[in-house]
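Participant: Quick one: this structure, given as structure tokens, is what I'll be asking you about.
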Amino acid sequence: MTRLLHFILSCTFAVLSAGALAGERVGDFALIDHAGAQHHMAWYDDHQAVVIAPFGLSTTDADTLSAMTALQARYQDQVALFLLNPGLDSDRDAVAAELAANHIELPVLMDDTHLVTEMLGIGRMDEVVVYDPTSFEIAYRGPAQSGAEDAVEALLAGSDVELVSIAGTGSAIPSNESEHSELSYVNDIAPIIAENCAQCHREGGIAPFAMDSSLAVQGWSPMIREVVMTKRMPPGQIDNKVGHKIKNEMNLTDSEMQKLVRWVSAGAPVDVNGGTDPLSTLVWPEGKWSLGEPDMIVKIPATTVPATGVVDYKDIVVDLGLEEDRWVRGSEVAPGAPEVLHHIITTVVPPGAGDDPQAMFLKAINSLPEERAAAIRAEIFAAVASGQQPPIDRIFQENPEIDVGALLGGGGPDQASVAGYAPGNNISLNPEGVGGKLVAGTKLSFQMHYTTSGKEMTDETEVGIYFYPEGYVPEERMGGGVGNAFSISIPAGAKDHEMELVTYIREESDIHSLMPHMHFRGKRMKFKAVYPDGSEEMLLSVPAYSFNWQLAHELESPLRVPAGTKIVATGAFDNSAQNSFNPDPGIEVNWGEQSWEEMFMGFYTWKEVNQGGDD
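Every number in our numbering is 17 more than the matching position in the sequence shown, counting from 1.
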């Protein structure tokens, strides 16, 4: 059996290690472009050809650019055309400026690791690659003006692909491949797996298989290469070349990606040689609580989720049984059945609270100057009377005094928050010395959203709460806000439907985290701060949003912003058939609570510099 496994692996590695030669296919990959959008090549199987040409600041071949521009003008709707920066530059703004100066409207894929350039076999700045996006078979490699258009025409005509390869004469593209000519599993690969993969890929972890030995990593190495090249793993990746440094960043470094891919391409050699396998010695905390045993465990009553059908939202209220006020440091949700638990929105309900959302909304409107409040009420009632949706988004944008966060369950300045749940996001932990209060008699309201999985399951989720020691009063409070676009209309088949969302920070504050939220059609989202003087600053870019892995991205250092700052979230939805998670690309999609509908939201935590409260 072992001999057979090694034979199979050696055959697989022989294919993977080969470059893109005659009669061979390139592998799938994903790269972020200069504007922050991720391009996964599998998305372009609705085109008849893909053309990729190298691009570098002040090094791009002029004839190649001219040829690519001509191809774009002639085949824009049939051919996917990209420029590729082969690890020469990483400054996205500089690349954008050069494109603008030369009136070029093509995305530049930022191959910071040089791995895609190597896979495509591009060695000179005047070499382009043309391939079939359905088979990934290369039709042409060489100078664009020599044969690229002929290859495109052949693919458009449906002709059999026969590789034409013409040597380029342009400037050579530097390669860093020699830096990893001798990689060690023990010293190079196992530490990467231990740091980035093994916490989930272990016995009892949330991943589907364990990576706890050299043999396991060898066996899964072709898949490791594929998910790294397509950026599917690690999950929750950001564009770490822009914005602020993120504390809980999930990305592999460029060097780590290079080592993993090149190790696999070299046949995944293992040098344990009778010594200790580093992955076999890893020890993981026991139990379900990442933050340790909670001071209070809140058991949400069990819910049986049927095998099929639509499960209505369940609103469950649990009395905490608190007889005295307690200050909260953090909280954690332990999902009972993550296969069917879509999300939980947790609302802290202090004694005496009870306004429903509609009443809270009207109360917020009525708090505005009467002339403006009357105009808004009239507009809302007129819309309802005519059977139309009230312009809620515009009302929020034109009236920043309305606190959307409060409408969604916010409380006073001292009130604690308790963690909700979304896949990949189940922990809320304040910095030391920051906290909120749960007063005696407080209840928690849980909005439980379940989706069926084809199998009847029972969910018994628990919430752990971590208190500060009795008598200790934290000096500061964590606040924040919520942006929510209620008006969503995504056309059927739309591949890149863009939206914008504005959230206001009313007082001087320190921003701590940002979290995007969309459903299955969510494609990307980025956040920038727009300051009162009109200047802007990029905060975070999530180029490949994943519904199955939603993170609150924590800034490594809080960002102080002045009163009146706006957080502007821009994003896009993919409602096309190329989106493999799309429930139905043939329908227009609107706002809705179910996962096959859509949301466009930003969740933010910030701490006001001048805080109120009763402490």
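Just so you know, even glycine gets a beta-carbon here, dropped at the ideal spot from N, CA and C.
Assign alanine 90 to one of three DSSP states: helix, strand, or coil.
Facilitator: Indexing the sequence shown from 1 puts residue 90 at position 73. Looking at alanine 90 - three-state DSSP - the assignment turns out to be helix.
Participant: Taking isoleucine 393 and isoleucine 409 to be in contact with their CB atoms under 8 Å, please state how far apart those CB atoms are, rounded to whole angstroms.
Facilitator: The residue labelled residue 393 in the question sits at position 376 within the sequence shown. The residue labelled residue 409 in the question sits at position 392 within the sequence shown. That belief does not hold up - the Cβ atoms of isoleucine 393 and isoleucine 409 are roughly 10 Å apart, past 8 Å.
Participant: I'd like to confirm the pairing. Which residues does DSSP put opposite histidine 514 in its beta bridges?
Facilitator: Taking the sequence shown and counting its residues from 1, one reaches residue 514 at position 497. BP columns for histidine 514 point to Phe590.
Participant: Could you tell me which residues DSSP pairs with arginine 577 in its beta bridges?
Facilitator: As a working note, residue 577 is residue 560 in the sequence shown. Asp527, per the DSSP bridge assignment.
Participant: Check whether the segment 240–252 touches the segment 551–558, taking contact to mean three or more Cβ pairs, one atom from each stretch, closer than 8 Å.
Facilitator: The segment 240–252 is not in contact with the segment 551–558.
Participant: In this structure, how does DSSP classify phenylalanine 378 when only helix, strand and coil are distinguished?
Facilitator: For the purposes of this step, residue 378 is taken as residue 361 along the sequence shown, with counting starting at 1. Three-state result, phenylalanine 378: helix.
Participant: Rounded to whole angstroms, what is the Cα-Cα separation between histidine 529 and glycine 260?
Facilitator: For the purposes of this step, residue 529 is identified with residue 512 of the sequence shown, where counting begins at 1. For the purposes of this step, residue 260 is identified with residue 243 of the sequence shown, where counting begins at 1. Between histidine 529 and glycine 260, the C-alpha separation is close to 13 Å.
Participant: In angstroms with no decimal places, state the Cα-to-Cα distance between threonine 363 and alanine 351.
Facilitator: Here residue 363 corresponds to residue number 346 of the sequence shown, with the count starting at 1. Here residue 351 corresponds to residue number 334 of the sequence shown, with the count starting at 1. Rounded to whole angstroms, threonine 363 to alanine 351 spans 13 Å at the Cα level.
Participant: For valine 606 and isoleucine 505, what's the separation of their Cα atoms in angstroms?
Facilitator: What you label residue 606 is simply residue 589 of the sequence shown in a count that begins at 1. What you label residue 505 is simply residue 488 of the sequence shown in a count that begins at 1. About 7 Å.
Participant: Helix, strand or coil for phenylalanine 484? Go by DSSP, reduced to three states.
Facilitator: By 1-based counting over the sequence shown, the position of residue 484 is 467. Three-state result, phenylalanine 484: strand.
Participant: Just verifying my parser: in three-state terms, what is the DSSP assignment at glutamate 388?
Facilitator: Residue mapping note: residue 388 aligns to position 371 of the sequence shown, counting from 1. DSSP places glutamate 388 in helix when its eight states are reduced to three.
Participant: Could you say which of Met136, Gln595, Val203 lies nearest to valine 289 if we only look at CA atoms?
Facilitator: Within the sequence shown, residue 289 is the residue found at index 272, counting from 1. For valine 289, the nearest C-alpha among the options comes from Val203.
Participant: Taking the C-alpha atoms as reference points, what is the distance between arginine 13 and glutamine 93?
Facilitator: The question about residue 13 has no answer, for the chain in this structure spans 18 to 632.
Participant: Just list the residues that DSSP pairs tyrosine 276 with in beta bridges.
Facilitator: In the sequence shown, residue 276 corresponds to position 259, counting from 1. According to the sequence provided, residue 276 is lysine. The question's tyrosine does not apply to it. DSSP output for lysine 276 lists no bridge partner at all.
Participant: Just reading off the alpha helix (DSSP H) that glutamate 243 is part of, what are its end residues?
Facilitator: Translated into positions along the sequence shown, residue 243 becomes position 226. Where glutamate 243 is concerned, the enclosing alpha helix (DSSP H) stretches over 231–246.
Participant: Taking 6 Å as the limit between beta carbons, can you name the residues of its chain near histidine 51, skipping five residues before and five after?
Facilitator: Numbered from 1 along the sequence shown, position 34 holds the residue referred to as residue 51. Cβ neighbours of histidine 51 beyond the five flanking positions: Arg109, Val112, Ala113, Val125.
Participant: Look up lysine 583 in the DSSP assignment and give the residues it is bridged to.
Facilitator: Numbered from its first residue, the sequence shown carries residue 583 at position 566. DSSP, once it has assigned bridges, lists Tyr521, Val547 as partnering lysine 583.
Participant: Rank Pro440, Met535, Arg523 by C-alpha distance to the C-alpha of glycine 609 and give the top, closest one.
Facilitator: Position 592 of the sequence shown, counting from 1, holds the residue named residue 609. For the residues Pro440, Met535, Arg523, the minimum Cα distance to glycine 609 belongs to Met535.
Participant: Contact check, alanine 215 vs aspartate 229 under 8 Å by CB: the rounded distance?
Facilitator: By one-based count along the sequence shown, residue 215 stands at place 198. By one-based count along the sequence shown, residue 229 stands at place 212. Alanine 215 to aspartate 229, Cβ: 7 Å. Contact.
Participant: So, helix, strand or coil for glutamate 415, using DSSP?
Facilitator: Position 398 of the sequence shown, counted from the first residue, corresponds to residue 415. DSSP places glutamate 415 in helix when its eight states are reduced to three.
Participant: Give every residue of the same chain whose Cβ lies closer than 8 Å to the Cβ of aspartate 601, excluding the five residues on either side of it in the sequence, and list them in chain order.
Facilitator: Residue numbering aside, residue 601 sits at position 584 when the sequence shown is read from its first letter. Taken in chain order, the residues that qualify are Trp613.
Participant: According to DSSP, which residues form a beta bridge with phenylalanine 503?
Facilitator: Locating residue 503 in the sequence shown gives position 486, where the first residue counts as 1. The partner list for phenylalanine 503 (beta bridge, DSSP) is empty, contrary to what the question assumes.
Participant: Which value, in whole angstroms, describes the spacing of the CA atoms of leucine 26 and methionine 240?
Facilitator: The residue you call residue 26 lines up with position 9 of the sequence shown. The residue you call residue 240 lines up with position 223 of the sequence shown. Note on leucine 26: pLDDT 35, under 50, position unreliable in the model; the coordinate value appears next. Approximately 12 Å between the Cα atoms of the pair.
Participant: Quick check: the segment 123–143 against the segment 270–282, are there 3 or more CB pairs under 8 Å?
Facilitator: The answer is yes - the segment 270–282 touches the segment 123–143, with three or more Cβ pairs under 8 Å.
Participant: Using the rule of at least 16 other Cβ atoms within 10 Å of the residue's Cβ for burial, across every protein chain shown, is tryptophan 301 buried or exposed?
Facilitator: Translated into the one-based positions of the sequence shown, residue 301 becomes position 284. Flag for tryptophan 301 reads exposed.
Participant: Are the CB atoms of tyrosine 61 and alanine 97 nearer to each other than 7 Å?
Facilitator: Stepping through the sequence shown from its first residue, residue 61 is reached at position 44. Stepping through the sequence shown from its first residue, residue 97 is reached at position 80. Closer than 7 Å, so yes.
Participant: For the segment 494–508 and the segment 466–481, state whether three or more C-beta atom pairs, one from each stretch, are separated by less than 8 Å.
Facilitator: They do not touch, by the three-pair rule.
Participant: CB-CB under 6 Å to leucine 425, same chain, minus the five flanking residues each way: which ones, in chain order?
Facilitator: The sequence position of residue 425 within the sequence shown is 408, counting from 1. With a pLDDT of 49 at leucine 425, under the threshold of 50, the modelled position of that residue is not reliable, and no figure is offered here.
Participant: Return the Cβ separation of valine 281 and serine 238 in integer angstroms, given the expectation that the two are a contact with Cβ distance under 8 Å.
Facilitator: On the sequence shown, position 264 is the one that residue 281 refers to. On the sequence shown, position 221 is the one that residue 238 refers to. Valine 281 to serine 238, Cβ: 5 Å. Contact.
Participant: Hey, proline 440 and tryptophan 566: beta-carbon distance below 7 Å or not?
Facilitator: Mapped onto the sequence shown, residue 440 falls at position 423. Mapped onto the sequence shown, residue 566 falls at position 549. Contact flag set, yes.
Participant: Any idea if alanine 54 is buried or exposed, counting beta-carbon neighbours within 10 angstroms, 16 or more meaning buried?
Facilitator: By one-based count along the sequence shown, residue 54 stands at place 37. Buried is the call here.
Participant: Leaving out the 5 sequence neighbours to the left and right, which residues in its chain are closer than 6 Å to lysine 258 when beta-carbon positions are compared?
Facilitator: Position 241 of the sequence shown, counting from 1, holds the residue named residue 258. Taken in chain order, the residues that qualify are Ser107.
Participant: Can you tell me whether histidine 120 is buried or exposed? The criterion is at least 16 other CB atoms within 10 Å of its CB, across all chains shown.
Facilitator: Indexing the sequence shown from 1 puts residue 120 at position 103. Histidine 120 is exposed by the Cβ-count criterion.
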